[in-house]
Amino acid sequence: HEEVLNSVSRVLGEYGLSEEARFLCNRGAVFFARFYSNSKTAEEVKKDDYVRFGLEVFNSYNSSLPVGIILIAERLVCKNGMIVPETVSHFTVKHYDKLDLGEVRRASLDILERKEVIIKRWKEWCKKVVEPGEIRGLFYKSLGKRYRETLFQKYLSSKGGDTIWDVYSFFT
Numbered sequence: 053h054e055e056v057l058n059s060v061s062r063v064l065g066e067y068g069l070s071e072e073a074r075f076l077c078n079r080g081a082v083f084f085a086r087f088y089s090n091s092k093t094a095e096e097v098k099k100d101d102y103v104r105f106g107l108e109v110f111n112s113y114n115s116s117l118p119v120g121i122i123l124i125a126e127r128l129v130c131k132n133g134m135i136v137p138e139t140v141s142h143f144t145v146k147h148y149d150k151l152d153l154g155e156v157r158r159a160s161l162d163i164l165e166r167k168e169v170i171i172k173r174w175k176e177w178c179k180k181v182v183e184p185g186e187i188r189g190l191f192y193k194s195l196g197k198r199y200r201e202t203l204f205q206k207y208l209s210s211k212g213g214d215t216i217w218d219v220y221s222f223f224t
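Residue numbers (the numbering used here): 53 to 224.
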């Protein structure tokens, strides 16, 4: 666990992420660690709409989990402080005896570089206006029959906006 954590920690430190939490499970056979940037470095996607990024790293020495790195975006979704995390990219590699730590380091860098692509895409979504019929289509493709019309009507009455980002924000 320490080898994986150390190899990833060096990379993440260069990007301004620091370890926030570490968990051990199954008598130490499995570990999870969370690394986040501080709230001062959150990205503003749209005016007053911030996203904070972090990584979760996991590993096991009993083969129950692969080595994994997950890029997480946390969004403030409610004035009461509720934050919704979302996995936006991930890397896993199954290992049995030997683990290529260089591959894990490269994966960490690749995932962190994807963050910029994701932010750019989200900022483009803020500019792309969606027609009401397209919005209805997004609801119908994304939700089950039971809730889609009710939520679509709620979206329309909320006057949430008409960009892809607005629709995405409503879903999250």
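Cβ atoms here follow ideal geometry from the backbone N, Cα and C, with glycine treated the same way.
Is the distance from the Cβ of valine 109 to the Cβ of alanine 125 below 7 angstroms? Taking 7 angstroms as the Cβ cut-off, valine 109 and alanine 125 do not qualify as a contacting pair.
Using DSSP's beta-bridge definition, name the partner residues of leucine 76. For leucine 76, which the question treats as bridged, DSSP gives the partners Phe83.
Quick one: what's got a C-beta closer than 8 angstroms to valine 181's C-beta in the same chain, skipping five residues either side? If we look at valine 181 and ignore the five residues flanking it on each side, its Cβ neighbours are Asp214, Thr215.
Can you grab the Cα-Cα spacing for the pair arginine 86 / valine 60, in whole Å? Going from the Cα of arginine 86 to the Cα of valine 60 covers about 11 angstroms.
Return the first residue and the last residue of the alpha helix (DSSP H) that valine 63 is part of. Segment 54-66, the alpha helix (DSSP H) holding valine 63.
Pull up the CB-CB distance for valine 82 and serine 112, whole angstroms please, since I reckon it's below 8 angstroms. 4 angstroms between Cβ atoms; contact.
Alpha carbon to alpha carbon, what distance is there between lysine 98 and lysine 179? Distance between the alpha carbons of lysine 179 and lysine 98 is about 10 angstroms.
Is the beta carbon of arginine 198 less than 7 angstroms from the beta carbon of phenylalanine 191? Cβ atoms of arginine 198 and phenylalanine 191: not closer than 7 angstroms.
Looking at tyrosine 207 and phenylalanine 223, is the spacing between their C-beta atoms short of 7 angstroms? No, they are not a contact pair.
Taking the C-alpha atoms as reference points, what is the distance between leucine 123 and alanine 73? Distance between the alpha carbons of leucine 123 and alanine 73 is about 15 angstroms.
From tryptophan 41 to leucine 76, what distance separates their C-alpha atoms? Summary: the structure shown does not reach residue 41, with the chain confined to residues 53 through 224, and so no result is reported for it.
Any idea if aspartate 152 is buried or exposed, counting beta-carbon neighbours within 10 angstroms, 16 or more meaning buried? By the Cβ neighbour-count rule, aspartate 152 is exposed, with fewer than 16 other Cβ atoms within 10 Å of its own.
Exposed unless 16 or more other CB atoms sit within 10 angstroms - verdict on lysine 172: Taking every protein chain shown into account, the CB of lysine 172 has fewer than 16 other CB atoms within 10 angstroms, so this residue is exposed.
Starting from the Cα of glycine 106, find the closest Cα among Val56, Ser160, Glu55, Trp217 and give me that residue. Measuring from the Cα of glycine 106, the nearest candidate turns out to be Ser160.
Quick one: grab the DSSP three-state call for aspartate 101. Taken through DSSP and simplified to helix, strand or coil, aspartate 101 comes out as strand.
Grouping DSSP H, G and I as helix and E and B as strand, with all else coil, what is serine 70? Strand.
Please classify aspartate 218 as buried or exposed, where buried requires at least 16 neighbouring CB atoms within 10 angstroms. Result: buried.
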